[in-house]
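Chemist: Have a look at this one.
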Amino acid sequence: MSPPGHTAYQAVVLLRALLDAGVRDVVLCPGSRSAPLALALYAADAAGDLRLHVRIDERSAGFLALGLTIGSGRPVAVVTTSGTAVGNLLPAVMEAYHGGRRLIVVSADRPAAMRGTAANQTTWQTGIFGRFAESVDLAVGALADEVSVAAGEAVGRTGPSHLNVQFDTPLLPEPGMPWWPASQPGGGLRLDPVSCLPPRVVGPALSRGPLTVVVAGDDAGPGARVLAESAGWPLLAEPTSGARAGEHAIRCYRLLLGSTLGAQIERVVVVGHPTLSRPVAGLLARHTVELLAVAPPSGHVTTPEHRAQVLSAVPAAPESPPSAAEIAWLAAWRGMDAEVSARLDQLVEALPELDALQVAQVVGEAVTPGTALIVGSSNPVRDLDLMLVPYVPRGRRRIVGNRGLAGIDGLVSTAIGVDLGRAGAPRSLALLGDLSFLHDSNGLLLGPDEPRPDLTVVVVNDDGGSIFTLLEQGGPEYSAGFERVFATPHHADLEAVCRGAGTAYRLAATREELRAAIADPAPGLRVVEVRASRAHRRATAAAIAALVDNRGMSPSPPAAR
Ligand SMILES: Cc1ncc(C[n+]2csc(CCOP(=O)(O)OP(=O)(O)O)c2C)c(N)n1
Ligand SMILES: [Mg+2]
36 MSPPGHTAYQ
46 AVVLLRALLD
56 AGVRDVVLCP
66 GSRSAPLALA
76 LYAADAAGDL
86 RLHVRIDERS
96 AGFLALGLTI
106 GSGRPVAVVT
116 TSGTAVGNLL
126 PAVMEAYHGG
136 RRLIVVSADR
146 PAAMRGTAAN
156 QTTWQTGIFG
166 RFAESVDLAV
176 GALADEVSVA
186 AGEAVGRTGP
196 SHLNVQFDTP
206 LLPEPGMPWW
216 PASQPGGGLR
226 LDPVSCLPPR
236 VVGPALSRGP
246 LTVVVAGDDA
256 GPGARVLAES
266 AGWPLLAEPT
276 SGARAGEHAI
286 RCYRLLLGST
296 LGAQIERVVV
306 VGHPTLSRPV
316 AGLLARHTVE
326 LLAVAPPSGH
336 VTTPEHRAQV
346 LSAVPAAPES
356 PPSAAEIAWL
366 AAWRGMDAEV
376 SARLDQLVEA
386 LPELDALQVA
396 QVVGEAVTPG
406 TALIVGSSNP
416 VRDLDLMLVP
426 YVPRGRRRIV
436 GNRGLAGIDG
446 LVSTAIGVDL
456 GRAGAPRSLA
466 LLGDLSFLHD
476 SNGLLLGPDE
486 PRPDLTVVVV
496 NDDGGSIFTL
506 LEQGGPEYSA
516 GFERVFATPH
526 HADLEAVCRG
536 AGTAYRLAAT
546 REELRAAIAD
556 PAPGLRVVEV
566 RASRAHRRAT
576 AAAIAALVDN
586 RGMSPSPPAA
596 R
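Every number in the numbering used here is 35 more than the matching position in the sequence shown, counting from 1.
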């Protein structure tokens with residue numbers, strides 16, 4: 036072991052403290068100022084004390100670390116050199132802040148005295164992430180205790196943290212000095228993911244009375260489903276809620292919210308972070324609706340106009356059984372959902388092969404028990420929201436997306452991280468749009484010695500952002516500039532992109548080919564491209580909205596309470 040005071044010793048103390056606090060995966064990007072950390076990480080990985088992942092692009096590295104925290108449930112560190120390298124982590128840090136993910140940034144720095152002297156690659160790194168991550172500036176020669184406390188506190192926070200570590204020369208251990216101390220007997224790496232289920236804390240019971248729905252947004256967890264089932268209420272669960280299962284889950288809730296049934300909602304319990312649809316946003320904004328919101332671990336409560344009554348845990352169901360009105364309420368939702376689902380399936384079946392909605396359907400069906408699906412922002416997650424038939428509970432499926440800020444950045448890396456974080460799990464799936472895929476095509480770059488994911492990335496390539504066709508700017512009055520400034524077609528050859536990165540690639544031209552490509556058990560990372568058209572999306576969306584015909588579908592009003 037290097038002598039105390041040597042940079043190599045500081046690096047070992049910091050990594051040891053991170054490991055003691057539960058870190059098992061560390062992502063590293065190359066650099067010089069970070070050399071003491073790089074060598075210690077290399078040796079610790081070789082000793083089996085942690086798992087190292089090396090990436091060239093810090094933006095991708097940050098998202099890889101984010102995916103690893105999502106998949107494993109553990110804190111994950113990402114290590115960079117000084118300068119712009121650190122700034123490249125901001126998108127992942129922002130997402131980690133809003134999603135409540137334990138992402139630990141470790142940035143190497145020059146000694147503080149060199150700041151403001153125009154020294155090469157030297158800038159103000161402490162505080163660079165602003166409100167998104169608290170920074171601790173560890174001075175040259177910081178005492179081991181100080182380093183351990185800072186590392187422990189960083190790991191203990193819900194959300195991202197930043198350790199800025201000043202290293203003075205010499206940066207490398209002297210020849211003959213070990214880079215990492217020998218492992219303790221009985222030590223060694225265990226990568227089992229920690230349980231991702233939130234603790235089943237149950238708050239005080241709710242009363243009976245108002246016609247209630249449970250809205251389960253991103254990362255709500257199974258507590259939302261348990262509440263809906265035990266209370267006898269409909270469950271409006273987004274695909275990444277972890278709650279879209281069981282008989283109370285209403286698949287077509289987004290369509291039904293605009294119906295006479297949706298208009299009768301009197302109370303909403305929100306769990307998690309709903310982001311997908313205007314009908315849900317509209318529901319939460321309705322002043323006539325009583326709003327209860329459960330605070331998520333991230334602390335970012337969904338409370339439009341700060342109007343919600345905030346609950347610290349998922350409330351317990353009312354103790355009394357559902358009233359006749361509530362029984363009729365649930366039955367009306369389920370009945371209408373069955374009707375609209377059948378009409379929707381018919382409509383989607385009649386679309387030209389291979390439509391993005393058909394792709395979402397096939398991908399949703401391929402998420403077998405134990406499997407993870409990472410779903411991109413934009414239309415893929417919304418298509419899945421329409422097409423995903425609620426699963427049978429307790430299949431341990433995980434459907435995740437970066438819904439903290441819904442960026443289209445970093446998604447290839449996030450997906451790789453989620454898969455690698457789920458040691459021993461079956462092959463994972465990702466569903467991304469073409470712009471989202473291209474935005475992080477650097478995420479495909481895997482060095483020959485890196486841990487390799489078993490992941491199939493299905494890319495719906497409609498040559499641009501189809502989501503904008505569904506928004507106001509997709510209307511005829513804006514058509515002149517639409518393609519250039521919103522849709523942003525690129526005509527990119529995805530096969531060539533994959534070839535350049537050494538990634539296996541297949542084109543699927545039919546649903547059968549897509550199913551076969553997904554079912555292919557060959558290990559490793561694979562991209563499956565599906566070419567789709569954006570041209571009819573606006574018309575299809577209008578036809579889908581028209582499936583709910585209020586005249587024909589109005590349920591009988593719930594009986595007197
Ligand atoms: C980092 C980032 N930049 C821009 C956006 C705005 N944005 C939202 S969706 C989208 C288009 C996505 O296109 P694609 O991934 O092909 O999916 P599609 O809409 O075609 O389904 C863009 C640019 C964003 N969410 N995140
Ligand atoms: Mg697209």
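C-beta atoms are modelled at their ideal positions from N, C-alpha and C, and glycine is treated no differently.
Going by the C-beta, is glycine 468 closer than 7 Å to any heavy atom of ligand 2?
Modeler: Position 433 of the sequence shown, counted from the first residue, corresponds to residue 468. It does: the Cβ of glycine 468 is within 7 Å (strictly closer) of some heavy atom of ligand 2.
Chemist: Following the continuous alpha helix (DSSP H) through valine 453, name the residue where it begins and the one where it ends.
Modeler: Within the sequence shown, the letter at position 418 stands for residue 453. Element bounds for valine 453: 446-456.
Chemist: Excluding the 5 residues preceding and the 5 following leucine 480 in the sequence, name in chain order all residues of the same chain whose CB lies nearer than 8 Å to its CB.
Modeler: What you label residue 480 is simply residue 445 of the sequence shown in a count that begins at 1. Answer for leucine 480: Arg90, Ile91, Asp92, Ser95 and Ala536, listed in chain order.
Chemist: Can you tell me whether aspartate 497 sits near ligand 2, meaning its C-beta is under 7 Å from at least one heavy atom of the ligand?
Modeler: Sequence index remark: in the sequence shown, residue 497 carries index 462 (1-based). Answer for aspartate 497: yes, Cβ within range of ligand 2.
Chemist: Runs of 3 residues minimum, wholly inside the segment 385-425: which ones carry the beta strand (DSSP E) assignment?
Modeler: Whole beta strand (DSSP E) segments, 3+ residues: 407-410.
Chemist: What does DSSP give as the partner residue(s) for glutamate 325 in the beta ladder?
Modeler: Residue mapping note: residue 325 aligns to position 290 of the sequence shown, counting from 1. Beta-bridge pairing links glutamate 325 to Arg302.
Chemist: So, with DSSP's three-state summary, where would you put arginine 156?
Modeler: Taking the first residue of the sequence shown as 1, we reach residue 156 at position 121. Just to set this straight, residue 156 is glutamine in the shown sequence, not arginine. Of the three classes helix, strand and coil, the one that applies to glutamine 156 here is coil, per DSSP.
Chemist: Go ahead and label valine 184 buried or exposed: buried means 16 or more other beta carbons lie within 10 angstroms of its beta carbon, across all protein chains shown.
Modeler: Against the sequence shown, residue 184 aligns to sequence position 149. Valine 184 is exposed by the Cβ-count criterion.
Chemist: I need the straight-line Cα distance from alanine 131 to alanine 73, nearest angstrom please.
Modeler: On the sequence shown, residue 131 is found 96 positions in, with the first residue counted as 1. On the sequence shown, residue 73 is found 38 positions in, with the first residue counted as 1. Rounded to whole angstroms, alanine 131 to alanine 73 spans 24 Å at the Cα level.
Chemist: Using only the alpha-carbon positions, how far apart do threonine 42 and leucine 124 sit?
Modeler: What you label residue 42 is simply residue 7 of the sequence shown in a count that begins at 1. What you label residue 124 is simply residue 89 of the sequence shown in a count that begins at 1. Their Cα atoms are separated by approximately 24 Å.
Chemist: What are the start and end residues of the alpha helix (DSSP H) that includes alanine 348?
Modeler: Reading the sequence shown from its first residue, position 313 is the one you call residue 348. Note, alanine 348: premise wrong, no alpha helix (DSSP H); not H, not E.
Chemist: Identify, in the order they occur along the chain, each residue of the same chain with its Cβ nearer than 6 Å to the Cβ of proline 233, setting aside the five sequence neighbours on each side.
Modeler: By 1-based counting over the sequence shown, the position of residue 233 is 198. With a pLDDT of 49 at proline 233, under the threshold of 50, the predicted position of this residue should be treated as unreliable, though the coordinate-derived value follows. Same-chain partners within the cutoff: Gly256.
Chemist: Within this structure, are the beta carbons of valine 249 and valine 324 separated by less than 8 Å?
Modeler: Working through the sequence shown from its first residue, we reach residue 249 at position 214. Working through the sequence shown from its first residue, we reach residue 324 at position 289. Taking 8 Å as the Cβ cut-off, valine 249 and valine 324 do not qualify as a contacting pair.
Chemist: Considering only C-alpha positions, which residue in the set Ala554, Ala367 and Thr275 is nearest to aspartate 420?
Modeler: Your numbering for residue 420 matches position 385 in the sequence shown. Checked all of Ala554, Ala367 and Thr275; the closest Cα to aspartate 420 is Thr275.
Chemist: Could you give the uninterrupted runs of the beta strand (DSSP E) lying entirely in the segment 124-183, keeping only those of 3 residues or more?
Modeler: Runs of the beta strand (DSSP E) inside the segment 124-183: 138-144 and 169-173.
Chemist: Determine, using beta-carbon pairs with one atom in the segment 357-371 and one in the segment 324-340, whether at least three such pairs fall under 8 Å.
Modeler: As far as the Cβ criterion goes, the segment 357-371 does not touch the segment 324-340, which means the pair count is below three.
Chemist: When every heavy atom of ligand 2 is checked, does at least one fall within less than 7 Å of the C-beta of glycine 252?
Modeler: The sequence position of residue 252 within the sequence shown is 217, counting from 1. No; taking the cut-off as 7 Å, the Cβ of glycine 252 has no heavy atom of ligand 2 nearer than that.
Chemist: Since I believe alanine 79 is in contact with tryptophan 215 (beta carbons under 8 Å), could you give me their beta-carbon distance rounded to a whole number of angstroms?
Modeler: Within the sequence shown, numbered from 1, the residue matching residue 215 stands at position 180. Within the sequence shown, numbered from 1, the residue matching residue 79 stands at position 44. That belief holds up - the Cβ atoms of tryptophan 215 and alanine 79 are roughly 5 Å apart, short of 8 Å.
Chemist: Could you say if the segment 515-534 and the segment 446-457 meet the contact criterion of at least three C-beta pairs nearer than 8 Å?
Modeler: Short answer: they don't touch.
Chemist: Give me the DSSP bridge partner(s) of serine 107.
Modeler: Looking up residue 107 in the sequence shown gives position 72. Answer is none; serine 107 lacks a bridge partner.
Chemist: Let me know the alpha helix (DSSP H) ranges lying completely inside the segment 493-557, each 4 residues or longer, listed in chain order.
Modeler: Segments of the alpha helix (DSSP H) lying fully in the segment 493-557: 514-517, 529-536 and 546-554.
Chemist: For a quick check, are the C-beta atoms of arginine 86 and aspartate 60 less than 8 Å apart?
Modeler: Counting from 1 along the sequence shown, the entry for residue 86 is found at position 51. Counting from 1 along the sequence shown, the entry for residue 60 is found at position 25. Yes. Within cutoff.
Chemist: By how many angstroms is the C-alpha of alanine 46 removed from the C-alpha of glutamate 209?
Modeler: Taking the sequence shown and counting its residues from 1, the one referred to as residue 209 is at position 174. Taking the sequence shown and counting its residues from 1, the one referred to as residue 46 is at position 11. Roughly 14 Å between the two C-alpha positions.
Chemist: Give every residue of the same chain whose Cβ lies closer than 8 Å to the Cβ of arginine 192, excluding the five residues on either side of it in the sequence, and list them in chain order.
Modeler: Position 157 of the sequence shown, counted from the first residue, corresponds to residue 192. Arg137 and Glu169.
Chemist: Do you know how far the Cα of valine 200 is from the Cα of alanine 147?
Modeler: By 1-based counting over the sequence shown, the position of residue 147 is 112. By 1-based counting over the sequence shown, the position of residue 200 is 165. Alanine 147 and valine 200: Cα-Cα distance of roughly 10 Å.
Chemist: So the candidates are Ala259, Gly267, Gly258 and Pro239; which of them puts its Cα closest to the Cα of leucine 246?
Modeler: Along the sequence shown, one-based indexing puts residue 246 at 211. Checking every option, the nearest Cα to that of leucine 246 belongs to Gly267.
Chemist: Do the segment 462-480 and the segment 172-180 meet, that is, are 3 or more Cβ pairs less than 8 Å apart?
Modeler: Verdict: no, contact absent.
Chemist: Is the segment 363-378 touching the segment 392-412 in the sense that three or more CB pairs, one from each, lie closer than 8 Å?
Modeler: The segment 392-412 is not in contact with the segment 363-378.
Chemist: Do alanine 395 and leucine 506 have their beta-carbon atoms positioned less than 8 Å apart in this structure?
Modeler: Start at 1 with the first residue of the sequence shown, and residue 506 comes out as number 471. Start at 1 with the first residue of the sequence shown, and residue 395 comes out as number 360. Cβ atoms of leucine 506 and alanine 395: not closer than 8 Å.
Chemist: By DSSP's criteria, leucine 271 is part of a beta bridge. Which residues make up the other side?
Modeler: Stepping through the sequence shown from its first residue, residue 271 is reached at position 236. Paired residues: Val250.
Chemist: Using a Cβ-Cβ cutoff of less than 8 Å, which residues in the same chain neighbour proline 39 once the five nearest sequence positions on both sides are dropped?
Modeler: The count along the sequence shown starts at 1 and reaches residue 39 at position 4. For proline 39, where only same-chain residues beyond five positions count, the Cβ hits under 8 Å are Ala179.
Chemist: How big is the Cα-Cα spacing for glycine 456 and phenylalanine 164?
Modeler: The count along the sequence shown starts at 1 and reaches residue 456 at position 421. The count along the sequence shown starts at 1 and reaches residue 164 at position 129. Cα to Cα, glycine 456 sits roughly 25 Å from phenylalanine 164.
Chemist: So isoleucine 285 and leucine 271 are in contact, right, with Cβ under 8 Å, and what is the actual spacing, rounded?
Modeler: Within the sequence shown, the letter at position 250 stands for residue 285. Within the sequence shown, the letter at position 236 stands for residue 271. Sure, about 6 Å apart at Cβ, within 8 Å.
Chemist: Straight-line CA distance for serine 413 to aspartate 203?
Modeler: As a working mapping, residue 413 is identified with position 378 in the sequence shown. As a working mapping, residue 203 is identified with position 168 in the sequence shown. Distance between the alpha carbons of serine 413 and aspartate 203: 45 Å.
Chemist: Using CA atoms only, rank isn't needed, just tell me which of Gly293, Arg487 and Asp497 is closest to leucine 470.
Modeler: The residue you call residue 470 lines up with position 435 of the sequence shown. The residue with the shortest Cα to Cα distance from leucine 470 is Asp497.
Chemist: The alpha helix (DSSP H) spanning serine 265 covers which residue range?
Modeler: As a first step, residue 265 is located in the sequence shown; it is residue number 230 there, counting from the start. First-last of the alpha helix (DSSP H) with serine 265: 258-266.
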